Amino acid sequence: MDILSFLLLFAGGLFAGTLGSLLGLGGGIILVPFLTLVMGLPMHQAIATSITAVIATSTAGASMNVRRKTVNIRLGMVLETATVAGAIGGGLTATLLSGTTLTRTFAVLMVIVAAFMLWRSRFHSSTPWGGKGVIPGTFFDEATGETVEYSVHRLPAAMAVSLLAGNISGLLGVGGGIFKVPAMHLVCGMPLKAATATSNFMIGVTAAASAFIYFAHGYLNPTVTSAAILGVLAGSFLGVWLSTKIETRSLSWIFIGVLLFVAIQLFSR
Amino acid sequence: MTSSSNTFLAERWIARILRGGIVLSVMFIVAGLFLMTIQDGSNIPPTVHPSLSDLLLTASTPSGLASALMVIGLVLLMFTPFLRVLAAVLAFSVEREWKYVVAALLVLLMLIGEMVFAFR
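Line by line, the protein sequences are chains R and H.
In terms of our numbering, the first sequence is residues 109 to 377.
In terms of our numbering, the second sequence is residues 46 to 165.
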């Protein structure tokens with residue numbers, strides 16, 4: 109790999125990590141199309157690179173969130189039984205599918221994510237539900253200066269969404285947080301910060317479950333993946349910093365348009 | 046010990062493993078990329094079929110060392126979540142929260158089973 113390719117991969121990773129962090133998505137939904145459309149990587153290699161980058165961003169983010177106590181580790185362990193099972197199924201399925209089928213499936217996912225982003229823009233963070241749930245959690249909210257206590261409702265529904273999110277993660281190399289976070293917040297009554305942190309915590313193990321499948325099949329390109337990981341990691345930190353400086357609502361609308369445009373490009377390949 | 050002290054133990058162990066894993070893997074990746082830039086990067090194979098003998102063989106050549114360092118970094122990164130699940134099994138066992146021990150063990154067994162199946 110020459111220095112120009114390295115810089116391009118790093119820049120792509122940086123862009124994916126920054127935008128993913130700013131918009132509350134994983135970087136995978138941006139990184140996979142970049143690797144296939146711009147860098148010309150085969151779909152399986154692009155997914156392998158993306159899923160490894162997802163492990164990196166989840167690990168870095170979770171190490172901070174666990175210390176802040178926003179992660180509900182007990183809930184994470186329970187839901188991981190579903191996400192890991194889904195991811196293994198997704199990873200094994202991906203090795204049986206052609207690159208074209210995977211590319212088209214990814215294009216469909218991009219349209220679904222765009223629809224989710226439209227829908228997500230309509231709801232706002234609500235206070236946790238009252239009543240008796242399971243797997244209670246407590247964390248200190250630095251923004252409000254209050255200690256938030258909550259418990260989890262409708263755990264079976266969260267398990268079902270986690271299984272689906274894990275499956276999509278393993279199949280297409282994305283984190284799946286776009287599906288899990290709204291479900292944990294709106295269906296299970298968790299505070300948004302705890303739902304986001306717990307989802308991010310689970311994504312590392314979910315991604316690792318399928319990453320080894322791609323690795324074992326020889327789809328992991330070490331140089332491409334290494335350069336992209338460094339970019340995505342730097343971008344995720346940059347995104348966190350930028351999120352306090354810029355308004356992300358208009359950015360979301362632009363991104364929805366970009367998602368639909370790229371989905372058409374992928375579908376017509 | 047109480048439930049809250051258990052969470053504290055699990056949080057402490059897991060946070061250390063996650064931070065250690067990401068730092069160590071990034072160090073190997075950066076070292077590999079640095080070596081690659083000062084050598085002829087075109088010698089690095091586009092994909093790596095993982096076997097220890099292949100890795101040692103690759104690392105024994107000057108141009109292969111960069112690739113081997115990157116692969117070690119990536120494998121360390123992939124193993125970090127495994128280690129944090131193992132840490133959860135141990136931490137919840139110490140605190141006797143058996144239902145979470147069972148959940149973490151189930152996750153660990155699925156991960157090990159999947160690895161054995163993938164590399165068979």
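Even for Gly, the Cβ is constructed at its ideal location relative to N, Cα and C.
Here the structure is a predicted model, which means the values were calculated and not measured.
Where F323(R) falls, given that 16 or more other Cβ within 10 Å makes a residue buried
Classification for F323(R): buried.
Check each candidate in F287(R), D249(R), A222(R) and M292(R) and name the one with the smallest Cα separation from G241(R).
Considering only alpha carbons, the answer is M292(R).
For a contact meaning CB atoms closer than 8 Å, what does A124(R) contact in chain B?
Judged by its chain identifiers, the structure shown contains no chain B, and its protein chains are R and H.
Suppose the cutoff is 6 Å on Cβ atoms and the five residues either side in sequence are ignored; what does the same chain contact list for L127(R) look like?
Excluding positions up to five away in sequence, the list reads I138.
Do you know offhand how far I157(H)'s Cα is from T333(R)'s?
Distance from the CA of I157(H) to the CA of T333(R), rounded to the nearest whole angstrom, comes to 23 Å.
What residues in its chain sit with their C-beta under 6 Å from that of V289(R), if we drop five residues either side in the sequence?
Counting only Cβ-Cβ distances below 6 Å, and skipping sequence neighbours, we find A303, T304 and S307.
For P244(R), the three-state DSSP class (helix, strand or coil)
The three-state reading of DSSP puts P244(R) in strand, counting E and B together.
T252(R) - containing alpha helix (DSSP H), residue span
Membership of T252(R) in any alpha helix (DSSP H) is not indicated, and neither H nor E is assigned to it by DSSP.
Simplified DSSP assignment, three categories, for S206(R)
Of the three classes helix, strand and coil, the one that applies to S206(R) here is coil, per DSSP.
Residues in the same chain with beta-carbon distance under 7 Å from R129(H), minus the five sequence neighbours each way, listed in chain order, please.
Result list for R129(H): I59, I62 and L63, in chain order.
DSSP three-state call for V260(R): helix, strand or coil?
Three-state result, V260(R): strand.
Three Cβ pairs or more, each shorter than 8 Å: is that satisfied between the segment 267 to 287 of chain R and the segment 131 to 146 of chain R?
The segment 267 to 287 of chain R is in contact with the segment 131 to 146 of chain R.
Are the Cβ atoms of S344(R) and A168(R) separated by less than 8 Å?
For S344(R) and A168(R), yes; Cβs fall inside 8 Å.
Count Cβ pairs between the segment 208 to 222 of chain R and the segment 147 to 164 of chain R that sit closer than 8 Å; are there 3 or more?
Touching, yes.
Select from L374(R), W361(R), P330(R) and A319(R) the residue whose C-alpha is nearest the C-alpha of L200(R).
When only C-alpha atoms are compared, the closest one is A319(R).
Out of T246(R), I220(R) and F369(R), state which residue places its alpha-carbon closest to the alpha-carbon of F53(H).
Nearest C-alpha to F53(H): T246(R).
Give every residue of the same chain whose Cβ lies closer than 6 Å to the Cβ of M115(H), excluding the five residues on either side of it in the sequence, and list them in chain order.
So the list reads I74 and G77, once near-sequence residues are dropped.
Using a C-beta to C-beta distance shorter than 8 Å, which residues of chain H count as neighbours of A335(R)?
At a beta-carbon threshold of 8 Å, the residues of chain H lying near A335(R) are L78, ordered along the chain.
Where P264(R) falls, given that 16 or more other Cβ within 10 Å makes a residue buried
It is exposed - the Cβ of P264(R) has fewer than 16 other Cβ atoms within 10 Å.
Alpha-carbon to alpha-carbon, P126(H) and A133(H):
Using only the alpha carbons, I get a separation of about 11 Å.
Does chain R have any CB closer than 8 Å to the CB of S112(H)?
By this cut-off, S112(H) is an interface position.
Are the CB atoms of V152(H) and M185(R) within a distance shorter than 8 Å?
For M185(R) and V152(H), yes; Cβs fall inside 8 Å.
Nearest-angstrom Cα separation, counted from G207(R) out to V313(R):
Their backbone Cα atoms lie some 25 Å apart in a straight line.
Any residues in the segment 120 to 147 of chain H with a beta carbon nearer than 7 Å to a beta carbon of chain R? Which ones, in chain order?
Within the segment 120 to 147 of chain H, the qualifying residues are L122, M123, T125, P126, F127, V130, A133 and Y145.
Expressed to the nearest angstrom, what Euclidean distance is found between the alpha-carbon atoms of M46(H) and R176(R)?
Only weak support exists for where M46(H) lies, its pLDDT of 41 falling under 50; the value from the coordinates is given anyway. If you take the alpha carbons of M46(H) and R176(R), they lie about 22 Å apart.
Does I67(H) get closer than 8 Å to chain R when you measure Cβ to Cβ?
Chain R has a Cβ within less than 8 Å of the Cβ of I67(H).
Own chain partners of L122(R) with C-beta closer than 6 Å, once the 5 adjacent residues on each side are dropped
Result list for L122(R): G339, A342 and G343, in chain order.
Classify V68(H): buried if its beta carbon has 16 or more other beta carbons within 10 angstroms, exposed otherwise.
With fewer than 16 Cβ atoms within 10 Å of its Cβ, V68(H) is classed as exposed.
Could you pull out every residue in the same chain whose Cβ sits closer than 8 Å to the Cβ of F287(R), ignoring the five residues on either side in sequence?
Cβ neighbours of F287(R) beyond the five flanking positions: F224, V269, L272, A273 and I276.
Can you tell which of F142(R), D110(R), L130(R) and L115(R) has its C-alpha closest to the C-alpha of A371(R)?
Nearest option by C-alpha distance: F142(R).
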